[in-house]
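Numbering (my numbering), first residue to last: 1 to 423. Backbone N, C-alpha and C fix where the C-beta goes; we use that ideal spot for every residue, glycine too. Bear in mind the structure is a predicted one, so any value in this text is a computation, not a measurement.
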Amino acid sequence: MKKFLNLLVAALAVFLVTGCSDDDPKMGSLTINLQLPEGINTGAITDARYEIKNVSTGTIETYTDASAIELRQGLYDITFSAHYTMENGAVSMLRGAKTSVEVTSATSSISLPVYANIETDDFVIAEIYFTGSLQPTGTQYAGDKYIVLYNNTDHVLYADGISLFESQFMTVKKYDYTPDLMSTDVTVEALYTVPGNGNDHPVQPGEYYILCDIGMDHKTLNSNSIDLSGANMEWFDESNNPRFPDTDTSVPNMDKWYCYTNTTFSLHNRGFCAYGIARIPVGKDQYLKDYYYEYDYNMVLPTGTYPMSGKGYRIPNTWVVDVVNCSIESEYQWNVTSPALDMGWTYCGHVDQDKTRYFKAVRRKVLYMRENGIPVLQDTNNSTADFNAEVTPSLVEQQQAAVDVNGTKCTTLTWDGVMSKSN
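Structure follows, in structure tokens:
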């Protein structure tokens with residue numbers, strides 16, 4: 001009996017060892033090779049930092065060297081940042097990003113394109129309210145969306161000539177577009193410009209500039225909405241369909257340069273696009289003539305592969321002042337702008353058609369407060385890091401407007417959706 005028990009214990013031990021071995025994490029080795037911009041000397045690069053995020057677990061690990069990194073097998077999102085000292089002594093930022101990198105059991109390597117950070121001494125996008133509100137009946141309300149620009153500098157800026165755009169491509173649908181211009185241009189489907197002769201619309205340091213859909217007091221039509229009659233500009237469309245007219249208010253209109261729709265334009269209420277501002281150095285007619293863009297791609301469906309084509313307009317990355325990629329976690333596939341412009345993305349809601357997204361906005365974080373009490377907003381060209389996601393819109397806070405379909409009034413007041421103004 002004792003011999004039998006010894007054999008049984010030994011067999012059980014073998015079973016436990018072999019059984020547990022199947023649960024051990026399977027590892028792989030990854031080497032990241034940087035594709036640096038032309039003329040960049042690797043010896044002048046300092047503070048290299050690689051952030052590697054496991055897509056499944058959300059775990060982020062940081063490395064300073066990317067040779068043969070040992071990782072669990074799976075999909076990873078990778079970002080790179082570093083400082084670069086130029087020959088004149090000035091220091092610039094280098095950034096790169098790649099999503100859905102597969103690490104297998106074998107040793108593998110990837111090439112990571114790196115871009116010199118595009119810095120601007122201009123406005124930043126402080127807030128995007130693309131979700132809109134709900135009426136007390138629970139139905140979606142249209143017209144009360146807005147975007148807030150902010151003078152993050154220490155000198156006067158002029159909004160004259162600032163162009164607002166929505167990206168043509170979506171962050172939830174990834175295709176191989178030909179020709180591929182994303183490293184040099186943003187493809188847009190809507191473009192509206194603030195009019196002026198160059199000094200008509202001064203914005204002081206620490207001041208906001210509001211661009212909105214319809215500049216009216218929306219509470220007259222929806223008690224759960226906000227008052228946009230004090231906005232600085234509205235985008236207005238002459239609709240070709242009498243069933244879908246736009247409303248022209250006393251708020252000044254932006255100049256419409258281009259839009260894909262023949263009716264009225266509105267921000268995508270789930271945030272599936274990138275939104276940005278640019279300063280276009282050519283006139284409207286020349287822009288529409290010289291920056292038209294046609295492209296081809298294949299749509300792959302269960303029933304087969306279908307050749308597709310599209311058209312829009314392109315804005316060179318060097319003209320872009322600021323851009324914010326938006327998406328949702330369950331559907332996100334890629335950024336639709338170069339990593340030189342934005343390495344991350346932000347959101348309102350977590351799944352498609354998320355009912356909790358309404359009455360929410362994305363707002364840029366406060367980095368620090370100047371001695372005069374004016375906030376400086378964070379701008380690292382990474383919307384994941386720079387924005388507070390799905391927070392209460394600033395105008396909802398200021399007007400103590402509704403925060404839900406039941407009409408519950410807002411009682412908070414913050415700088416960025418998180419940092420209280422009472423502190």
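Same chain only: Cβ atoms within 7 angstroms of Gln35, ignoring 5 sequence neighbours per side: Position 35 of the sequence shown, counted from the start, is the residue given in the question as residue 35. By the criterion of a C-beta distance shorter than 7 angstroms, Gln35 is surrounded in its chain by Ser111, Leu112, Pro113, Val114, once the five residues flanking it on both sides are discounted.
field: Reduced DSSP secondary structure (H/G/I, E/B, other) of Ser309
entry: What you label residue 309 is simply residue 309 of the sequence shown in a count that begins at 1. Here Ser309 sits in strand by DSSP.
field: Inter-stretch contact at 8 angstroms, needing at least 3 Cβ pairs: the segment 234 to 252 / the segment 300 to 319
entry: Contact fails: fewer than three Cβ-Cβ distances are below 8 angstroms.
field: Minimum C-alpha distance to Ile32 - residue among Gly74, Lys98, Glu329
entry: Stepping through the sequence shown from its first residue, residue 32 is reached at position 32. Closest by C-alpha distance to Ile32, out of Gly74, Lys98, Glu329, is Lys98.
message: Please list the terminal residues of the continuous alpha helix (DSSP H) segment that includes Ala385.
response: Numbered from its first residue, the sequence shown carries residue 385 at position 385. Going by DSSP, Ala385 is part of the alpha helix (DSSP H) stretching over 383 to 386.
task: Only counting runs of 3 or more residues, tell me where the beta strand (DSSP E) segments fall wholly within the segment 212 to 279, in order along the chain.
output: Correct list: 255 to 259, 274 to 279.
Per-residue DSSP class, three states only, for Glu397: What you label residue 397 is simply residue 397 of the sequence shown in a count that begins at 1. Reduced to three states, the DSSP call for Glu397 is helix.
message: So for Leu191, helix, strand or coil by DSSP?
response: Taking the first residue of the sequence shown as 1, we reach residue 191 at position 191. In the structure shown, Leu191 falls within a strand segment according to DSSP collapsed to helix, strand and coil.
query: Should Leu157 go down as buried or exposed, given a rule of 16 or more other Cβ atoms within 10 Å for buried?
result: Looking up residue 157 in the sequence shown gives position 157. Buried: at least 16 other Cβ atoms inside 10 Å.
- prompt: Any idea what DSSP makes of Asp285, helix, strand or coil?
  reply: For the purposes of this step, residue 285 is taken as residue 285 along the sequence shown, with counting starting at 1. Residue state for Asp285 is assigned as helix, using DSSP reduced to three classes.
task: For the segment 208 to 227 and the segment 142 to 156, state whether three or more C-beta atom pairs, one from each stretch, are separated by less than 8 angstroms.
output: Cβ pair count under 8 angstroms is three or more, so yes.
message: Could you tell me the alpha carbon to alpha carbon distance between Ser167 and Gly161, rounded to whole angstroms?
response: The residue you call residue 167 lines up with position 167 of the sequence shown. The residue you call residue 161 lines up with position 161 of the sequence shown. Distance between the alpha carbons of Ser167 and Gly161 is about 19 angstroms.
message: Is it buried or exposed, Tyr192, if we count other Cβ atoms within 10 angstroms and call 16 or more buried?
response: The residue labelled residue 192 in the question sits at position 192 within the sequence shown. With 16 or more other Cβ atoms within 10 Å, it is buried.
- prompt: Just reading off the beta strand (DSSP E) that Gln333 is part of, what are its end residues?
  reply: The residue given as residue 333 occupies position 333 in the sequence shown. Looking at the DSSP string, Gln333 is not in any beta strand (DSSP E), and its letter there is neither H nor E.
- prompt: Considering only C-alpha positions, which residue in the set Thr64, Thr184, Tyr297, Thr153 is nearest to Asp121?
  reply: Looking up residue 121 in the sequence shown gives position 121. The shortest Cα separation from Asp121 among Thr64, Thr184, Tyr297, Thr153 belongs to Thr153.
query: Is it true that the CB of Phe130 sits closer than 9 angstroms to the CB of His218?
result: Taking the sequence shown and counting its residues from 1, the one referred to as residue 218 is at position 218. Taking the sequence shown and counting its residues from 1, the one referred to as residue 130 is at position 130. It is not a contact, given that the beta carbons lie outside the stated cut-off.
- prompt: When the Cβ atoms of the segment 168 to 186 are set against those of the segment 222 to 242, are three or more pairs found closer than 8 angstroms?
  reply: Flag = no, the segment 168 to 186 and the segment 222 to 242 do not touch.
message: Using the three-state DSSP reduction, which class does Thr408 fall into: helix, strand or coil?
response: Translated into positions along the sequence shown, residue 408 becomes position 408. For Thr408, the three-state secondary structure derived from DSSP is coil.
- prompt: Taking C-alpha atoms, which residue in Tyr258, Leu134, Gly230, Asp296 lies nearest to Val188?
  reply: Translated into the one-based positions of the sequence shown, residue 188 becomes position 188. Closest in C-alpha terms to Val188, from the list Tyr258, Leu134, Gly230, Asp296, comes Tyr258.
field: From Asp386, Pro375, Val403, residue whose alpha carbon lies closest to that of Ser420
entry: The count along the sequence shown starts at 1 and reaches residue 420 at position 420. For the options Asp386, Pro375, Val403, the alpha carbon positioned closest to that of Ser420 is the one of Pro375.
message: Classify Tyr368: buried if its beta carbon has 16 or more other beta carbons within 10 angstroms, exposed otherwise.
response: Here residue 368 is taken as the residue at index 368 of the sequence shown, counted from 1. Label assigned to Tyr368: exposed.
message: Alpha carbons only, please: which of Ala159, Gly28, Thr57 is nearest the one belonging to Thr107?
response: As a first step, residue 107 must be located in the sequence shown, where it is residue number 107. It is Gly28.
message: I believe Asp416 touches Val366 by the beta-carbon criterion, under 8 angstroms. Please report the beta-carbon distance rounded to the nearest angstrom.
response: Position 416 of the sequence shown, counted from the start, is the residue given in the question as residue 416. Position 366 of the sequence shown, counted from the start, is the residue given in the question as residue 366. With a Cβ gap of about 5 angstroms, Asp416 and Val366 count as contacting.
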